[in-house]
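Please read the structure below before turning to the comments.
There are 2 protein chains.
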Amino acid sequence: MTIMHLSESTEMYLKAMAELGGQDVIATARLAERLNVTPVSVSEMVRRLGEQGLVSHTPYKGVHLTKKGREVACNVLRRQRLWECFLYDHLKIDWSQVYEFACSLEHATAPEVTEALAGFLGNPQTCPRGNPIPAADGSFKPLDAMPLSEAKLGQTAQVLAVNATATDVLKYLQEKNILPGREVTVIEVAPMQGPLTLHVGGKDVALGLSMAEFVLVKKIKN
Amino acid sequence: MTIMHLSESTEMYLKAMAELGGQDVIATARLAERLNVTPVSVSEMVRRLGEQGLVSHTPYKGVHLTKKGREVACNVLRRQRLWECFLYDHLKIDWSQVYEFACSLEHATAPEVTEALAGFLGNPQTCPRGNPIPAADGSFKPLDAMPLSEAKLGQTAQVLAVNATATDVLKYLQEKNILPGREVTVIEVAPMQGPLTLHVGGKDVALGLSMAEFVLVKKIKN
DNA sequence: AAAAATGTTATGGCTGACCTTATTATTCCA
DNA sequence: TGGAATAATAAGGTCAGCCATAACATTTTT
Ligand SMILES: [Mn+2]
Ligand SMILES: [Mn+2]
Ligand SMILES: [Mn+2]
Ligand SMILES: [Mn+2]
């Protein structure tokens, strides 16, 4: 329980795992993708994280967070999403840029600052992208939602959260009005892993499956 | 003028020079002290900073900021002092801890965030330690003040700013009420580089010369 | 002017976090 | 069941920013 200082890189690996995986085992290749590093680099880092008891790795299967690792990851998520709230609600930073700015600040934020910030913000429950903010004690109930990529033709659903992180992806979703609270209807599902066509805000929008994986929705009807 | 990303270490060296030196040449040993690294490490870093055109070094004399280096340093100071304002005024962080928390955040703050923060705060002119906040365009008028260490016996002066950075030093000054706005009177000057004895807030306080160098005052009478 | 103090350079090391290019092991699928 | 795809290891590098120790240069003090 000693407060060791974890590097930015360490925090990012753990956070990525929490964002991608929830409870499950994560393929190292997914990590490499999201963190923009090579699979070899992930292997090396996973070894180091394993030695610190933050992750556990089953070769050829994947990695998952240990209890300790999940605690750290939730704490990073808390810092990140609180900063998102501040940047969006108080500094009026553009929605699509909020993640990336918060992603820098999260690693430079002491516990006292985190908790004071939470108080200042009125202990918000979700960030501007719709994701829940873990509590100070680490407790965290993930959204009861499904990825839009799994929606069937004709389905209407409400967007609960956007789990994307890349600014250009967020900008695209923002332009197309695929935002928390919005209702979307799947009007076409192209074959061969092709894009979904959605009806949202009076317009038709094409959305690739991999982007749709990061849009979390709740079924409304059909 | 390309926006290159400077490392935290680079920013800290430049900021330390601006805090210590103003315009003048700074002894590398002073930098080593303030940054808690060895003189050899400073030499190496000064070489790298020189290659980037951020400082200019005259061997055995000292180092000073170039125009470019001063611009960067002022920008770091701006970020740092804006965060100090936010942490102190809005998050109610303890005065003595505000510097160290801001000192982490400063390196993780994008220009858009800096300017939005300045707006949110109402473009403050000074930080809670009394130091002026450089403007967005880099312009910066240093305080017209003298270090308390140079005050004469019997002198009464008003504290304008505290330029110390170490949290324990700030805590000591806070406890002894040596804070911006306060009036202090020098009631004893011990020989042999000994401490000053001050009268402040109805109490007598001993203050070592090296700490007194970081207390900036304006003479009031005598 | 000599000695002491201070500052610089030269070497050699270390760590974390990346990279590339092979090679080897495992899993998946046709 | 055998080949393709995927994952892991091995080996050798890079880079920033630190460290120590020792040699050397300069400045300051006595
Ligand atoms: Mn981050
Ligand atoms: Mn800093
Ligand atoms: Mn070397
Ligand atoms: Mn190696």
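So the protein sequences, as listed, match chains A and B. Numbering follows my numbering, in which position 19 of the first sequence is assigned residue number 19; successive positions increment by one, without gaps. Numbering follows my numbering, in which position 55 of the second sequence is assigned residue number 1055; successive positions increment by one, without gaps. Beta carbons are placed, not taken as given, at the ideal position from N, Cα and C, and that holds for glycine. Owing to the predicted nature of the structure, the values given are computational and were not obtained by experimental measurement.
**Request:** Look at glutamate 1019 of chain B and asparagine 1163 of chain B and say whether their C-beta atoms are less than 8 Å apart.
**Result:** What you label residue 1019 of chain B is simply residue 19 of the second sequence in a count that begins at 1. What you label residue 1163 of chain B is simply residue 163 of the second sequence in a count that begins at 1. A contact, by the Cβ cut-off of 8 Å.
**Asked** Cβ of serine 1226 of chain B less than 8 Å from any chain A Cβ?
**Response** Within the shown structure, residues of chain B are numbered from 1001 to 1222, placing residue 1226 of chain B beyond reach of any answer.
**Request:** Identify each residue in the stretch 82-97 of chain A for which the Cβ-Cβ distance to at least one residue of chain B is less than 8 Å, and report them in chain order.
**Result:** Those residues of the stretch 82-97 of chain A that come within reach of chain B (Cβ to Cβ, closer than 8 Å) are Leu87, His90, Leu91, Lys92, Ile93 and Gln97.
**Message:** Is there a C-beta anywhere in chain A that falls below 8 Å from the one on histidine 1057 of chain B?
**Reply:** Taking the first residue of the second sequence as 1, we reach residue 1057 of chain B at position 57. Among the residues facing chain A, histidine 1057 of chain B is not included, as its CB has no counterpart in that chain under 8 Å away.
**Message:** Tell me the residue span of the beta strand (DSSP E) that contains valine 1217 of chain B.
**Reply:** For this step, residue 1217 of chain B is matched to residue 217 along the second sequence. Where valine 1217 of chain B is concerned, the enclosing beta strand (DSSP E) stretches over 1215-1221.
**Item:** Beta-carbon contacts of aspartate 1204 of chain B that lie in its chain and below 8 Å, excluding the five residues immediately before and after
**Value:** Residue numbering aside, residue 1204 of chain B sits at position 204 when the second sequence is read from its first letter. These residues qualify, in order along the chain: Ile1187, Thr1197 and Leu1198.
**Item:** Contact test: cysteine 85 of chain A Cβ vs ligand 1 heavy atom, cutoff 7 Å
**Value:** On the first sequence, residue 85 of chain A is found 85 positions in, with the first residue counted as 1. Not so, every heavy atom of ligand 1 lies at least 7 Å from the Cβ.
**Request:** Output the boundary residues of the alpha helix (DSSP H) element that contains serine 96 of chain A.
**Result:** By 1-based counting over the first sequence, the position of residue 96 of chain A is 96. 95-105 is the span of the alpha helix (DSSP H), which, as asked, contains serine 96 of chain A.
**Prompt:** Name the chain B residues that come within less than 8 Å of alanine 16 of chain A, Cβ to Cβ?
**Reply:** Locating residue 16 of chain A in the first sequence gives position 16, where the first residue counts as 1. Going along chain B, no residue has its Cβ under 8 Å from alanine 16 of chain A, so there is no contact; the nearest lies around 18 Å.
**Item:** Interface residues of the stretch 1150-1175 of chain B facing chain A [CB-CB below 7 Å]
**Value:** none
**Prompt:** Going by the C-beta, is methionine 1045 of chain B closer than 7 Å to any heavy atom of ligand 2?
**Reply:** As a first step, residue 1045 of chain B must be located in the second sequence, where it is residue number 45. For methionine 1045 of chain B, the CB stays at least 7 Å from every heavy atom of ligand 2.
**Residue list, Cβ distance to ligand 2 heavy atoms smaller than 7 Å** = B/Glu1008, B/Glu1011, B/Met1012, B/Lys1015, B/Gln1080, B/Cys1103, B/Ser1104, B/Glu1106 and B/His1107
**Asked** Does the distance from the C-beta atom of alanine 1145 of chain B to that of valine 1200 of chain B stay below 8 Å?
**Response** Position 145 of the second sequence, counted from the first residue, corresponds to residue 1145 of chain B. Position 200 of the second sequence, counted from the first residue, corresponds to residue 1200 of chain B. No.
**Asked** Just curious, the alpha helix (DSSP H) that leucine 160 of chain A is in, first and last residue?
**Response** Here residue 160 of chain A refers to the residue found at position 160 when the first sequence is read from its first residue. Leucine 160 of chain A -> not in any alpha helix (DSSP H); beta strand (DSSP E) instead, spanning 156-162.
**Request:** Quick one: which residues of the stretch 112-145 of chain A get their C-beta closer than 7 Å to a C-beta of chain B? List them in chain order.
**Result:** Glu112, Val113, Ala116, Leu117 and Phe120
**Prompt:** Among B/Leu1148, B/Arg1079, B/Glu1115 and B/Val1037, which has the Cα closest to the Cα of valine 1098 of chain B?
**Reply:** Counted from its first residue, the second sequence places residue 1098 of chain B at position 98. Selected option, being the one with the closest Cα: B/Arg1079.
**Prompt:** Would the stretch 1056-1073 of chain B and the stretch 1117-1129 of chain B be scored as touching if the rule is three or more Cβ pairs under 8 Å?
**Reply:** no
**Asked** For glutamine 155 of chain A, does the count of other Cβ atoms within 10 angstroms reach 16, so buried, or fall short, so exposed?
**Response** Here residue 155 of chain A is taken as the residue at index 155 of the first sequence, counted from 1. Under this definition glutamine 155 of chain A is a buried residue.
**Message:** Rounded to whole angstroms, what is the Cα-Cα separation between alanine 16 of chain A and leucine 1035 of chain B?
**Reply:** Taking the first sequence and counting its residues from 1, one reaches residue 16 of chain A at position 16. Taking the second sequence and counting its residues from 1, one reaches residue 1035 of chain B at position 35. In this structure, the alpha-carbon of alanine 16 of chain A lies about 33 Å from that of leucine 1035 of chain B.
**Message:** Determine, for histidine 5 of chain A, whether the minimum Cβ-Cβ distance to residues of chain B falls below 8 Å.
**Reply:** Residue mapping note: residue 5 of chain A aligns to position 5 of the first sequence, counting from 1. It does not: the Cβ of histidine 5 of chain A has no partner Cβ on chain B nearer than 8 Å.
**Asked** Roughly how many whole angstroms lie between the Cα atoms of glycine 1069 of chain B and leucine 1160 of chain B?
**Response** As a first step, residue 1069 of chain B must be located in the second sequence, where it is residue number 69. As a first step, residue 1160 of chain B must be located in the second sequence, where it is residue number 160. Each residue's alpha carbon lies about 26 Å from the other.
**Request:** Check whether the Cβ atoms of isoleucine 220 of chain A and valine 1113 of chain B lie closer than 8 Å to each other.
**Result:** The sequence position of residue 220 of chain A within the first sequence is 220, counting from 1. The sequence position of residue 1113 of chain B within the second sequence is 113, counting from 1. Taking 8 Å as the Cβ cut-off, isoleucine 220 of chain A and valine 1113 of chain B do not qualify as a contacting pair.
**Request:** Tell whether a beta-carbon distance below 8 Å holds between valine 1076 of chain B and glutamate 1011 of chain B.
**Result:** Taking the first residue of the second sequence as position 1, residue 1076 of chain B is located at position 76. Taking the first residue of the second sequence as position 1, residue 1011 of chain B is located at position 11. A contact, by the Cβ cut-off of 8 Å.
**Message:** Assuming contact is defined by CB atoms lying nearer than 8 Å, are glycine 208 of chain A and proline 195 of chain A in contact in what I supplied?
**Reply:** In the first sequence, counting from the first residue as 1, residue 208 of chain A sits at position 208. In the first sequence, counting from the first residue as 1, residue 195 of chain A sits at position 195. Closer than 8 Å, so yes.
**Message:** Report the start-end ranges of each alpha helix (DSSP H) in the stretch 58-86 of chain A that is 4 residues or longer and not cut off at the edges.
**Reply:** Runs found: 67-85.
**Message:** Please return the same chain residues whose Cβ sits closer than 8 Å to the Cβ of proline 142 of chain A, not counting the five positions on each side in sequence.
**Reply:** Residue mapping note: residue 142 of chain A aligns to position 142 of the first sequence, counting from 1. The answer, listed in chain order, is Gly22 and Pro132.
**Request:** Can you have a look at alanine 29 of chain A and say buried or exposed, based on whether 16 or more other CB atoms are within 10 angstroms of its CB?
**Result:** Residue numbering aside, residue 29 of chain A sits at position 29 when the first sequence is read from its first letter. Under this definition alanine 29 of chain A is an exposed residue.
**Request:** Could you check what DSSP says for methionine 1 of chain A in three-state terms: helix, strand or coil?
**Result:** Translated into the one-based positions of the first sequence, residue 1 of chain A becomes position 1. Per-residue confidence for methionine 1 of chain A stands at a pLDDT of 49, beneath the threshold of 50, marking its modelled position as unreliable; the derived number appears in the next sentence. DSSP places methionine 1 of chain A in coil when its eight states are reduced to three.
**Asked** My guess is that leucine 1065 of chain B and leucine 1014 of chain B are in contact by the Cβ rule of under 8 Å, so how many angstroms apart are they, rounded?
**Response** Against the second sequence, residue 1065 of chain B aligns to sequence position 65. Against the second sequence, residue 1014 of chain B aligns to sequence position 14. The pair is a contact, with the Cβ atoms about 7 Å apart (cut-off 8 Å).
**Message:** Please report whether the beta-carbon of alanine 73 of chain A lies at a distance below 8 Å from any beta-carbon of chain B.
**Reply:** Counting from 1 along the first sequence, the entry for residue 73 of chain A is found at position 73. Closer than 8 Å: no.
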